[in-house]
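Heads up: the structure comes next, in structure tokens.
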Amino acid sequence: MDAIKALRSQGLRGLAKLRPVGSRVPRIPPNGEAPSTFDWDENYHTEFCVSGTTALALAVAVAIGERQLAYTPEVILPAYGCPDLVAAVLAQKAKPVLVDLVPDSPHMDLEKVKEAFSGATVAIVGVGLLGVPERLELLSELCQSNGVALIEDSAQCFPPASEHQRWADLIVLSFGRGKPVNLMGGGALLVRKDLLSGAKPIINRFPLIEMKLGFRWKVKRLVFNFLLRRFPYFLTEKLPGLNIGETRFKTLDEVVRLALPERLLHLGIDHFHQRSAMHRDYLEQLDPLQKNGWCFLDTEPISRELQRVARNRFGLLAPSRHHRDLAERKLNRAGVGASGLYRRILPKIDGIRGISGTSDYPNARSFAERLLTLPCHEDVTTDDITLIVRILIGLSRE
Ligand SMILES: *Cc1c(COP(=O)(O)O)cnc(C)c1O
1333 MDAIKALRSQ GLRGLAKLRP VGSRVPRIPP NGEAPSTFDW DENYHTEFCV SGTTALALAV
1393 AVAIGERQLA YTPEVILPAY GCPDLVAAVL AQKAKPVLVD LVPDSPHMDL EKVKEAFSGA
1453 TVAIVGVGLL GVPERLELLS ELCQSNGVAL IEDSAQCFPP ASEHQRWADL IVLSFGRGKP
1513 VNLMGGGALL VRKDLLSGAK PIINRFPLIE MKLGFRWKVK RLVFNFLLRR FPYFLTEKLP
1573 GLNIGETRFK TLDEVVRLAL PERLLHLGID HFHQRSAMHR DYLEQLDPLQ KNGWCFLDTE
1633 PISRELQRVA RNRFGLLAPS RHHRDLAERK LNRAGVGASG LYRRILPKID GIRGISGTSD
1693 YPNARSFAER LLTLPCHEDV TTDDITLIVR ILIGLSRE
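Here the sequence shown is numbered in the numbering used here, starting from 1333 and rising by one per residue.
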């Protein structure tokens, strides 16, 4: 086994690995205080779901609405992203229509978005990537002039950029493992309040299950948090068959709502706000890379609030696929879980079918080949950052 080989060749020092992503799940105190409100409560109603993917499927159902369509409804998505985006759209018998990105940017090309509109379009999904939100203000103008819904997929960005600005009609949150607020699963659909009376009958059609924070949940939390540590993470990564971090397409067969205790989400949010905005350290210390063809995802000004909060990972683009792969290998060999994230555009991910749009997405493809993500969680130390920065700067000079 690889783990045993590594043990022989490297001794104990090589047996630790800094996980690429994932924050610890909060402990539930025995005497919970009365739940307060969420920051988005003034503008959005909260509906909990079993996952972020389910919340997105619910959002698509609301966007389709009560209309009896004689055609297949279409939903516009970026060509690079989480494969769950496609699963959620297909789960509502809608057709994903993909759009290329702006060069060297995580944002959809707005001209391409306009071209992707058809009479069958019901929604655009503006997906935030690694803490960087989409250009929701511009997308909301496009949506309004075409009479379609704007869904902000904020699974990787917290808080959602629309919570005070009201750009999105619907917002999707995920509380899964690699997300900013980690509750080991769950998600939420936020519905802008002016749409609630129309949306509620649609939402109520989906089954609702209970969630218990009992003994089993507490044990699962302890095990989960233990496995995040450097030695257990090193071992689990080596276990054959687990393929941690591999991108896979999974269909979504059932859309189920979850009676998630609000108290748990409040604890998760508090935990999130205690973490530092480490991406700022990366932005500052990796700045010299920009002279050598590397670029950051923070191309557009983002709100002061989002600059101040933690991210789930820090993303940057290498000058080429070769540089990305080399950096990824070097960092991992040094015990740092750096990752290329999805590595492929959506149509190239195994198992994805039923997608429409132009067949080529050169900017998304280049993005997929060059994206490198660095860990940003609470267990990344200043020594880790120094090591990461040294490796990347050394490599960029080669
Ligand atoms: C993770 C993710 C989802 C799905 O969330 P789950 O809770 O894992 O189902 C949807 N969209 C984006 C952008 C994601 O990163």
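C-beta: ideal position from N, C-alpha, C; glycine also.
Please state whether the Cβ-Cβ distance between residue i and residue j is less than 7 Å.
i: GLY1510; j: LEU1590; result: no
i: LEU1468; j: MET1543; result: no
i: LEU1482; j: ILE1503; result: no
i: HIS1377; j: VAL1523; result: yes
i: LEU1703; j: LEU1649; result: yes
i: LYS1644; j: GLN1476; result: It should be pointed out that residue 1644 corresponds to Asn in this sequence rather than to Lys. No; because the gap between Cβ atoms is not below 7 Å, this pair is not in contact.
i: ALA1609; j: VAL1641; result: yes
i: GLU1379; j: LEU1521; result: yes
So, with DSSP's three-state summary, where would you put residue i?
i: GLU1730; result: coil
i: GLU1484; result: strand
i: PHE1604; result: helix
i: PRO1564; result: helix
i: SER1652; result: coil
i: MET1333; result: Low confidence applies to MET1333: its pLDDT is 49, below 50, so where it sits in the model is not reliable, and the reading given next is rough at best. Note: MET1333 maps to coil in three-state DSSP.
i: GLY1346; result: helix
i: SER1691; result: coil
i: THR1714; result: helix
i: ALA1531; result: helix
i: PHE1538; result: coil
i: VAL1464; result: strand
i: ARG1553; result: helix
i: PRO1676; result: Correcting the residue identity first, residue 1676 is Arg in this sequence and not Pro. Reduced to three states, the DSSP call for ARG1676 is coil.
i: LEU1339; result: Any reading at LEU1339 must be qualified, since the residue scores a pLDDT of 49, below 50, and its modelled position is unreliable; no value is offered.
i: ARG1640; result: helix
i: PHE1699; result: helix
From residue i to residue j, what does the alpha carbon distance come to, in whole angstroms?
i: ARG1729; j: LEU1430; result: 36 Å
i: LYS1623; j: ALA1700; result: 21 Å
i: ASP1630; j: VAL1464; result: 7 Å
i: GLY1546; j: ASP1373; result: 28 Å
i: LEU1719; j: ALA1391; result: 42 Å
i: THR1385; j: LEU1422; result: 11 Å
i: ASP1432; j: PRO1410; result: 6 Å
i: PRO1438; j: ASN1375; result: 27 Å
i: ARG1697; j: GLU1365; result: 48 Å
i: ASP1371; j: GLU1578; result: 34 Å
i: GLY1625; j: LEU1527; result: 45 Å
i: ILE1717; j: SER1691; result: 39 Å
i: VAL1353; j: VAL1712; result: 10 Å
What does DSSP give as the partner residue(s) for residue i in the beta ladder?
i: THR1705; result: GLY1647 and SER1671
i: PRO1410; result: VAL1431
i: THR1453; result: GLU1406
i: SER1506; result: GLY1519
i: GLY1458; result: GLU1484
Counting only beta-carbon atoms, is residue i nearer than 7 Å to chain C?
i: ARG1562; result: You won't find chain C in this structure, because it holds only one protein chain.
Runs of beta strand (DSSP E) wholly within the region 1575-1600 (minimum 3 residues, chain order)
As for any beta strand (DSSP E) of minimum length 3 sitting wholly inside the region 1575-1600, the runs are 1589-1591, ordered along the chain.
Fully enclosed by the region 1352-1406, which alpha helix (DSSP H) runs are 4 residues long or longer?
If you keep only unbroken alpha helix (DSSP H) runs of at least 4 residues inside the region 1352-1406, you get 1384-1396.
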